[in-house]
Each structure stands twice: as structure tokens, then as C-alpha cells.
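Going down the list, the protein sequences come from chains A and B.
If you use this note's numbering, the first sequence corresponds to residues 232 to 293, in order.
If you use this note's numbering, the second sequence corresponds to residues 995 to 1453, in order.
Even glycine gets a Cβ: it sits at the ideal position worked out from N, Cα and C.
To start, the structure itself, in C-alpha cells.
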Amino acid sequence: MKESHPDTTLLVQARAAAIGLDLSACCLPGVVTNTDLLSQYADLLNHHVFSDECEPAFEYVP
Amino acid sequence: MRDIPTPPGALELAAAIRAGEQTARSVIEATLETLSTKDRAIHSVTHLFSDEACRQADAVDALRKQGKTLPPLAGVPFGVKDLFDIAGHVTTAGSVVLRNNPPAKQDAAVVQRLRQAGAIPVATLNMDEFAYGFATQNAHYGTTLNPHDTSRMAGGSSGGSAAAVAAGFLPHSLGSDTNGSIRIPASLCGVWGLKPTFGRLPREGAYPFAASLDVVGPFARNVSDLAASFYIMDGYDSIPEPSGADSWETLRIARLEGWFADNLSEPMARALESICAALGVTRGISLPEVATARASSFLITAAEGGNLHLPRLKEQADAYDPATRDRLLAGAMLPADTYLRAQRFRSWFRDQIHAVFRNEADVLIAPAVMGEAPRLDEPTVIVEGKEVSARANLGLFTQPLSLPGVPVLTVPVLVSEGLPLGLQLVAAPGCEEKLFSIACHLERAGLAGCRFPEMKATV
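Rendered as C-alpha cells:
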């Protein structure tokens, strides 16, 4: 796992504030680590080019 | 570890009760005794329903005495992952956060169907808190141990359900699978497990995790029991005969390559080769962008799980297992763009795998995990030559196949002498019968099935 970007802590605090979440100090390191992990996965998605017609899979279509 | 004779399966027990060779009461009492005395070795049980189970067993015996026809699973005990509603009991989902909720007013829909078929719920079974994990290491209810080697992981999140069946305590059980939570413990504990097609079995009364991916499904000691449990939960009154059209010999079977061929332990690679050889599989298929499929499954789960729990996390974050809490909080704060991209990728990936089933194969074979159960004191697996956390990476092969919602059956292979190894059989949506057909063949050929170590007890 890559090291936490120092800005991730600020990012997490900003995201928490945006949804009215008061993050306690004891949660912060773990949430930052998990946010970094999720960011790595999100990076993979950013490389995929979607057609405008590719809709989110809100409904299951077998 | 010395093998002992196979305990009776669900259909075998039902037949014995129908024939009057055993009473339902004696079966249930023996099961409760086993769970009370022997489960301390593996910690698979969280709660027993002793009184209700005995009352239901007496009702089965009374029906038989009256000469009434018994339903197909009359008197057969089963256990449920601790997230299924059982009427009159609080559903805790492996947490203490919900313990002050009112008791469930009715059984979960699939439990209702099994109960109508005469099966008797006897216990709730351990799980990762809110199903968020692959290890069944629960800060509140303890760690479930692998019955084949108690120094190793049972897998998760339905670890109690897999371990209780593997140990021979129960003939069948229920679990849920979002990212691999049936398939991983089935593989590590060496039992049959089915993740049905997304949406095929009703989820009402099963505590949710990630609505886009959650499915409920059975574990069993043999394929007949697995199929019986599945079809009854699917609303069948009786167990359908296999269709000749789905005979395994007529099916186009291919092996998943690329992502699914890397990072395998030597025993797993050998097991996969042996099973493919036995099925005459010569063709390999590579799915596109599997890493992104896994990432999407991971992100959707984090976002939906986080969103589900956010109101409670704002009020009582300290009541959660810190590891679960921090994952859920990070997920709750994922940007909408990331979540929607993952859902758009889900549409795209589903189209790709549906095209494979239309044009190239009926059933795909892949490993369920990289190898044997990791040790609890060294919880790592090898990925790309590096030791990485087992808890975070055991879903390497299951998560990508969660995304498209296809049915997947976990096969406990019998081609090696060591710890259990599981393979995934994957079919097009709604084609579970094809999976049962191949599984049946492998079981009859002695290539797959459950082994029972010495610690296990019979019911």
C-alpha cells in the first residue's frame, strides 16, 4: 500500500465536514488509511473511458 | 488429522425421520448437544434456539404419528448467519450496535421457506461485524476457527456458517455473499457453497450490507443438500429433478485465465489443473479489466455500506469494531463521482461477461482463493510475490465475479491431501442448474466433496 498523502488527512476532514460528520481523533488514522486504499481503487476506474450511453447499474439486468 | 465417516446430510436425515428410523426430536436434541459441547473448539455459534427447535421437532413427530405426509426437509436442523431474522429474536448482524433493536416479528423470507419445508433453525452463526470482512474475526463475538486446523482462518464473512457445516455440526446453513462471503469460507473450510444469481432469492429479513451486491445462499456437505436448500429457498415445493439438457457433458466449460491464473499457491494450481483435466477443459478465457471490476465491487460496497451506517456512526461510532468503523466511515465519504463510475463500470462489465456466456462458454472455472486457509497468527497471503494482508486480499478472485451478479458455486476439491481448497464454477444469470450438474459429476467422480477431521461430531 502506498503511504498516505499528507493531504489525505485534510481531505478526510473536509469530506467529513461536508456531510456533518464529527470525526473523533481516534478514528482519523484508520479512516485516512482506508481513504487512501479506496483512492487507489478509484484511480483504476478513472482510466476507464465510458460511452455516454453507459448508464449506472441501478437496476439488475440478468 | 484422521478422517472420520461422513455425518448424515440433510436429505438423508429427512429420509430417516420420514421412515421412522429417527425422531425429529432426537435429531434436534443431538444437534443442540453437539453445538453446546463441541463448538467451543471452533466458535461458530452465537446463539442457540433450543426451546423453539425442540417444539418444532415435536410438531414434526406429531405429524408423522398422524400419518401426514412430511415436507421435504422435515426435522432437519440448520443454522443461519447472524444477520437473518428469526422471529422473536433480535438480529444483531455480528455487532452490539443493534442489540437494543426490537425482536424480529417474523423470520427472514428464506428462513420462512425452509421452515415451511420442515427444516428447523437451531442456531445463529458467527460472522464479521456487519459482514464487512473475510476472516470472521469479530471483536464482540470472537474469532471462528477453521475446523480443519484451528490455528487457521475459517474465512468470512459467513465463517460460522461454513465452519459449523465443515465440522459436521450442521448438515446445512445459510450465509450471505457481497464480495465473496460465502465463497471464501466455503473454500477455506472445504464445504459446498452457492452464491445464487443476484436477486433470485429474496433478501427480506436479511440485514443488508451493500444493496447492489448482497445475495443470500446456502452451505452444505453435499451437492444434493445444497441444491435442495437452494430450490426450497427459491420457492419450489419439492426438489426438481436435474434436466437432461444441462447434463455436464453437453456444457461448454472454460477456464478463466489472466487475473485468475496468477497468484495461485502450488496446491491450488495443481487442484485447478486436475479438475480441468477431469472435465476435459482445454479452453481458456480472459475477462477484460478484472482489476477494475474488483475495484468497482470494493468501492460500491464501501459506499453503500458506509451510507447505510452513517446515521449510527454519527451517534455511536465507538460501539463499532474500530476496523469496521474506519472502513465504513471512509466509504461513507466517497465522492458521488467515484460511486457512479463504479456503477457504470458494473453495467459495462456485466455486458462483457454476458457476451462470454452467450458466445463462448456455459460455465467458467476459477479458483475461489489463492490457496489454503491463512494462519491466524500470520494472516497474510502472497500477491504479486509480496506478503499482503489476508483480510484485505482474500477476495482477489471473488470480488470481480460479485460485480456482474452471476451465480457462482464453490467446489471443495478432493484432489490434494492438505488443507481444503475451493474452486468457483460460474454460470450465466439464472443458470444455477448447470452449476449443480457439474458439481454433481465432480462429487460422484470423487474429485470434490467434504472431508471430516477428527474433532468433528455427528448429529
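Tell me, which residues are paired with residue i by DSSP?
i	result
ASP1171(B)	VAL1209(B)
TRP1186(B)	ALA1214(B)
VAL1039(B)	LEU1119(B)
PHE1454(B)	There is no way to answer for residue 1454(B), as the model of chain B reaches only from 995 to 1453.
VAL1405(B)	LEU1417(B)
HIS1166(B)	ALA1214(B)
PHE1078(B)	ALA1200(B)
PRO1071(B)	ILE1114(B)
Just mark residue i as buried or exposed, buried being the case when its beta carbon has 16 or more other beta carbons within 10 Å.
i	result
ARG1194(B)	buried
GLU290(A)	exposed
VAL1070(B)	buried
SER1290(B)	buried
ASP1231(B)	exposed
PRO1002(B)	buried
VAL292(A)	exposed
GLY1127(B)	buried
CYS1425(B)	buried
ILE1226(B)	buried
VAL1453(B)	Because VAL1453(B) sits at a pLDDT of 40, beneath the cut-off of 50, its placement in the model cannot be relied upon, and the point is left open.
THR1332(B)	buried
HIS1303(B)	buried
ASP1312(B)	exposed
LEU1323(B)	buried
ASN1095(B)	exposed
ASN265(A)	buried
When you compare the CB positions of residue i and residue j, do they come within less than 9 Å of one another, or not?
i	j	result
HIS1041(B)	THR1118(B)	yes
SER1167(B)	SER1175(B)	no
ALA1296(B)	ARG1335(B)	no
ALA1520(B)	ILE1247(B)	It is not possible to answer for residue 1520(B), since the shown part of chain B is limited to 995 through 1453.
TYR1201(B)	ALA1125(B)	yes
ALA1008(B)	GLY1112(B)	yes
LEU268(A)	ALA1386(B)	yes
Considering residue i, what are the terminal residues of the alpha helix (DSSP H) in which it resides?
i	result
ASP1143(B)	That residue, ASP1143(B), is in no alpha helix (DSSP H); its beta strand (DSSP E) goes 1143-1147.
PHE1292(B)	1284-1310
VAL262(A)	259-277
GLY1153(B)	1153-1160
ALA1360(B)	Here ALA1360(B) belongs to no alpha helix (DSSP H); instead the beta strand (DSSP E) covers 1357-1361.
VAL1350(B)	1330-1353
GLN1106(B)	1103-1110
ARG1012(B)	1004-1012
CYS1270(B)	1260-1272
ILE1022(B)	1018-1032
Can you list, in chain order, the residues of its chain with a C-beta nearer than 6 Å to that of residue i? Leave out the 5 residues immediately preceding and following it.
i	result
HIS279(A)	none
HIS1134(B)	VAL1090
ALA1010(B)	GLN1016
SER1044(B)	LEU1026
GLY1199(B)	ASP1079, ALA1102 and ALA1103
GLU1235(B)	none
Residue i lies in the beta strand (DSSP E); which residues open and close that run?
i	result
LYS1454(B)	The question about residue 1454(B) has no answer here: the residues shown for chain B are numbered 995 through 1453.
GLU1381(B)	1380-1383
ARG1249(B)	1247-1250
LYS1428(B)	Careful: LYS1428(B) lies outside any beta strand (DSSP E), inside the alpha helix (DSSP H) at 1426-1438.
VAL1377(B)	1374-1377
Below 7 Å CB to CB, which residues in the same chain sit around residue i once its five sequence neighbours on both sides are set aside?
i	result
ARG1254(B)	Here residue 1254(B) turns out to be Phe, not Arg, going by the sequence shown. Closer than 7 Å at Cβ, skipping near neighbours: ALA1360, PRO1361 and PHE1391.
GLY1412(B)	PRO1261 and GLU1366
LYS1428(B)	ASP1240, LEU1245, ASP1356, VAL1357 and ALA1421
PRO1190(B)	VAL1209, GLY1211, PHE1224, PRO1401 and GLU1426
SER1259(B)	MET1364, GLY1365 and GLU1366
LYS1450(B)	In this prediction, LYS1450(B) scores a pLDDT of 43, lower than 50, which makes its location untrustworthy; no coordinate-derived value is stated.
Identify, in the order they occur along the chain, each residue of the same chain with its Cβ nearer than 8 Å to the Cβ of residue i, setting aside the five sequence neighbours on each side.
i	result
ARG1369(B)	SER1145, ARG1146 and MET1147
VAL1105(B)	VAL1074, PHE1078, ASP1079, ILE1080, PRO1115, LEU1168 and GLY1199
Are the C-beta of residue i and some C-beta of chain C separated by less than 9 Å?
i	result
ASP238(A)	No chain C is part of this structure, whose protein chains are labelled A and B.
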